[in-house]
Amino acid sequence: MAEFKPMARIISHFGERLISSTQVALLELIKNSYDAKSPIVNITIDQKERKIIIYDEGDGMDGDVIENCWLVVGTANRLDDKEELEEGDVDVPLGEKGLGRFSTMKLGNHLKLETTTLDSKCIWNLEIDWSKYGYKSRLFLDEVENKFYKTQKKEYERKYTRITITDIKDFIGDEWTIKAINDFLLDSASKFINPYKALPRKFTVTVELIDHNGDKKKWILGKADSELFSQAHYEAKGTYVPGNLEMEYWVRNQGEIIEHLTVNIPLQRSLINDDKELEGYVGSFDYHFYIFNRTGSRLKEISNFGSSKEIRKALDRYTGGPMIFRDGFRIYPYGDPGDDWLELNKDRIRKGGKGRIVREQTAGYISLESTKAPYLVDQTNREGLVKNKSYDIFKRIVEEIFKTLGNVVSRNEKVRTFTDILDEAKESANNIESFLFNSQKQGNLINKEMYLAVMRDSEKIQEGLKQINRRERSLVEISAIGMTSMQIAHELHNFINKILSILFELQTSIPTGIKPRFELLEFNIKSLRTMISQIDEQAITMRRVKSSVDLVAQIKNISAAMEPILAKYNRKTKILVKNNVPSIVVKVNKGLIIQLFDNLILNSVYWINQIQVKSEDDFGVISIEITDDGEVLFSDNGPGISEIDADAIFEPFFTRREEGKGLGLFISKEIASFHKIRFELLREKNKWGRFNTFMIDFSSMKGD
30 MAEFKPMARI
40 ISHFGERLIS
50 STQVALLELI
60 KNSYDAKSPI
70 VNITIDQKER
80 KIIIYDEGDG
90 MDGDVIENCW
100 LVVGTANRLD
110 DKEELEEGDV
120 DVPLGEKGLG
130 RFSTMKLGNH
140 LKLETTTLDS
150 KCIWNLEIDW
160 SKYGYKSRLF
170 LDEVENKFYK
180 TQKKEYERKY
190 TRITITDIKD
200 FIGDEWTIKA
210 INDFLLDSAS
220 KFINPYKALP
230 RKFTVTVELI
240 DHNGDKKKWI
250 LGKADSELFS
260 QAHYEAKGTY
270 VPGNLEMEYW
280 VRNQGEIIEH
290 LTVNIPLQRS
300 LINDDKELEG
310 YVGSFDYHFY
320 IFNRTGSRLK
330 EISNFGSSKE
340 IRKALDRYTG
350 GPMIFRDGFR
360 IYPYGDPGDD
370 WLELNKDRIR
380 KGGKGRIVRE
390 QTAGYISLES
400 TKAPYLVDQT
410 NREGLVKNKS
420 YDIFKRIVEE
430 IFKTLGNVVS
440 RNEKVRTFTD
450 ILDEAKESAN
460 NIESFLFNSQ
470 KQGNLINKEM
480 YLAVMRDSEK
490 IQEGLKQINR
500 RERSLVEISA
510 IGMTSMQIAH
520 ELHNFINKIL
530 SILFELQTSI
540 PTGIKPRFEL
550 LEFNIKSLRT
560 MISQIDEQAI
570 TMRRVKSSVD
580 LVAQIKNISA
590 AMEPILAKYN
600 RKTKILVKNN
610 VPSIVVKVNK
620 GLIIQLFDNL
630 ILNSVYWINQ
640 IQVKSEDDFG
650 VISIEITDDG
660 EVLFSDNGPG
670 ISEIDADAIF
680 EPFFTRREEG
690 KGLGLFISKE
700 IASFHKIRFE
710 LLREKNKWGR
720 FNTFMIDFSS
730 MKGD
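Per our numbering, the very first residue in the sequence shown carries number 30; after that it's consecutive.
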């Protein structure tokens, strides 16, 4: 009978050549201790003696288990245990491929295993020289012998496993200082186990370093710094169950929660699969993300962490994108430096979600459970998940979370206003003037520091002037478009009137059967005329002419004219006009008032469409309430306006729209000022905790 005859070097493909890094190798051994039901695992890295010791107090092994499981390549005992689990079981075996023990080969050349069970009368010892299994070995696998023997068990000893790895390959060079080890523990080892979420049972990982001089230092790998993350500028957590994605989020500004809401994120049909038997099934998972704005002014909002530099150093330990954990243990390389698995730093996410979330701002985790997400499986080398259809859909679902979160960030980050730019430029100019005056007065020569200070202030002024020039050009372009639009609208208005006259003449002579078609055509042309007349009437604004206008009728006309425009948006939106009195006459410039309400409605419908809804029946609503004394309350069920933007929205060029000019509300405010009409944002909050109601007070303009 012909059989495969493996060379000893095949073992290296399961150990040093498969496991990519020291941290992955250590993680595999920690997982083995957890699978053994140990409450602890102690790792000693001895630089002086060039050895690593891993000790746990789990179930231990006897001779039979060592020979028939530990020494069997690809043993299936953990996989069998997993298959007996039911969905919802939380204490899940982590291993399944039977290869984790070979990670010791990555760490050093010699292994000694000492282990005993509660019932064993002795300690079982196994010694392995990994160099005999190395890549260059020419021995057959059955030609290599390992030392396997028993020693006396002391009376006080119960159950444990101790692995001693000597002639270690890492941690021994001069570069491995106390600081380097400390950085390794804080940046990498501390995240072997999910630092944000407790395991189903108690499990403590302790690392002790004995340096080249024999000095000892000990660390207990604990939880993430809860005080730091409780101050994240943006926080989002939730659960995905097949077909339903929920997100609860918080927005913080100056240490206060300014927005808090739970939303359902709608998913494309192609991402929804609740049948476990179909390819692409994802299963459920939890997530919790933290976003930090790392600019100096925002970092100063974080308390009890010292300077901005110290805060950034603390954040560097956690940020880098979301990590993934399965059953509480890390899956590499997600969230590591240089691994942008969600491509957060690429334009695709920025453009799709409007927000500027990048890896360096992002911390947090995604928590998978083996019993709930069976097709999201590790690659054999423990370097990421297998790239199957389930993974592709899983990744797209997580991207949807970040797109939604990006929209939250986009509408809450402070935008530099026209006033901010001018104030900074003025302050810099004053600094330069004061500095030069004092220098001249005191007869001081300008040194390097003084020169750099002057240059910094000068650059601020130059940048401010550049932004002012850019915004001035935008204003000129918009003005030119407006003038052209009014000219075209005037000609179109006359042309449509001629068409309607011809239709009226034709109606008297057309057959009865096609008369309804003519009526429909006439209706559509009249609707077009109504919309164009809005632009045409605004040409009168150039002369600032005021006339008596029925406010109620005019607002209803504006709303009706907007219906065809609203129909072009994805989300159905209704304009509800509420009034108790049939008519209120005010003395205003009709064209300007049309422009004021057009700006408000267009602004509302844009932001209403930024909210993702699960059902087509979830309408957008714009409410215009006209009170008896001439006040108009304008609100919508969009996301609203954050407190930090409440004053800035009326400034020129302030916008949170990706392609916005930032002139709509500014122009509306100017129109109100021209009429001496009170126009303000009321401090009434919507369900997002944001302002959503404008008040336009026409009471002073009421006529007889």
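Ideal Cβ positions, reconstructed from N, Cα and C, are used throughout, including at glycine.
Please determine if the stretch 82-92 and the stretch 144-154 are in contact, where contact requires at least 3 C-beta pairs separated by less than 8 Å. yes
Using three-state DSSP, classify Phe200 as helix, strand or coil. coil
Skipping 5 residues on each side, what residues in its chain have a beta carbon closer than 6 Å to that of Ile40? Tyr162
Alpha carbon of Leu328 to alpha carbon of Gln181, nearest angstrom: 59 Å
For the putative contact between Leu58 and Ile192, defined by C-beta atoms under 8 Å, what is the C-beta separation to the nearest angstrom? 7 Å
Output needed for Leu168: all residues of its chain with C-beta closer than 6 Å, excluding positions within five of it in sequence on either side, in chain order. Ala37
Nearest to Glu78 (by Cα), restricted to the options Arg130, Ser132, His241, Ile673: His241
Helix or strand or just coil, what does DSSP make of Ile95? helix
Among the residues of its own chain, which have a CB less than 6 Å from the CB of Thr233, if the five just before and after it don't count? Ile69
What residue range is occupied by the uninterrupted beta strand (DSSP E) comprising Ile249? 245-250
Strand pairing of Trp279, partner residues [DSSP]: Glu264, His289
Cutting at 7 Å between CB atoms, please list the residues of its own chain near Phe695, excluding the five before and the five after it. Phe679, Glu680, Pro681
Taking all protein chains shown into account, decide if Val505 is buried (16 or more other Cβ within 10 angstroms of its Cβ) or exposed. Note on Val505: pLDDT 48, under 50, position unreliable in the model; the coordinate value appears next. It is exposed - the Cβ of Val505 has fewer than 16 other Cβ atoms within 10 Å.
Applying the criterion that 16 or more other CB atoms from any shown protein chain within 10 Å of the CB defines a buried residue, is Arg130 buried or exposed? buried
Local conformation of Arg298 per DSSP, three classes: helix
Would you grab the beta carbon distance between Asp665 and Ser633 for me? Rounded to a whole angstrom, and I think it's under 8 Å. 4 Å
For Ser644, which three-state DSSP category applies? coil
Nearest-angstrom Cα distance between Asn638 and Thr190? 60 Å
Let me check understanding here. Comparing Cα to Cα, which of Leu136, Asp85, Asn61 lies closest to Ile99? According to the sequence shown, residue 99 is Trp rather than Ile. The option with the nearest alpha carbon to Trp99 is Asn61.
Please report the straight-line C-alpha distance between Ile630 and Val438, rounded to a whole angstrom. 23 Å
Look at the alpha carbon of Lys383 and the alpha carbon of Leu692, and state the distance between them as a whole number of angstroms. Note on Lys383: pLDDT 47, under 50, position unreliable in the model; the coordinate value appears next. For Lys383 and Leu692, the distance between alpha carbons rounds to 20 Å.
Can you say whether Gln390 is buried or exposed, counting buried as having 16 or more other CB atoms within 10 angstroms of its CB? buried
Exposed or buried, which one is Arg440 when buried takes at least 16 other CB atoms within 10 Å? buried
From this set, Ser337, Tyr420, Thr400, which residue's C-alpha is nearest Leu371's C-alpha? Tyr420
Label Tyr263 either buried or exposed according to how many other C-beta atoms from any shown protein chain fall within 10 Å of its C-beta, with 16 as the threshold for buried. buried
Apply the 10 Å Cβ neighbour rule to Gly202 and answer buried if 16 or more other Cβ atoms are within range, or exposed otherwise. exposed
Rounding to the nearest angstrom, what Cα-Cα distance links Val615 and Asp676 in this structure? 28 Å
The stretch 702-715 in contact with the stretch 276-296 per 3-pair CB rule at 8 Å: no
Beta-carbon separation (whole angstroms), Ile222 vs Phe318, contact threshold 8 Å: Incorrect: roughly 19 Å between the Cβ atoms, too far for contact.
Pop quiz: Gly667 and Glu288 are said to be a contact at Cβ under 8 Å. What is the actual Cβ separation, rounded to whole angstroms? At roughly 13 Å, the Cβ-Cβ gap does not stay under 8 Å, so Gly667 and Glu288 are not in contact.
For the beta strand (DSSP E) that Val650 lies in, which residues bound it at each end? 649-655
Can you name the start and end residues of the beta strand (DSSP E) that Trp636 belongs to? Taken as a continuous stretch (DSSP letters only), Trp636 belongs to no beta strand (DSSP E), being part of the alpha helix (DSSP H) at 619-637.
Backbone secondary structure at Val70 - three-state DSSP: strand
From Ala227, Glu339, Lys305, pick the residue whose C-alpha is nearest to that of Tyr394; which is it? Ala227
Among Glu654, Asn608, Tyr404, Ile725, which residue has its Cα nearest to the Cα of Glu308? Tyr404
What is the DSSP secondary structure of Leu397, counted as helix, strand or coil? strand
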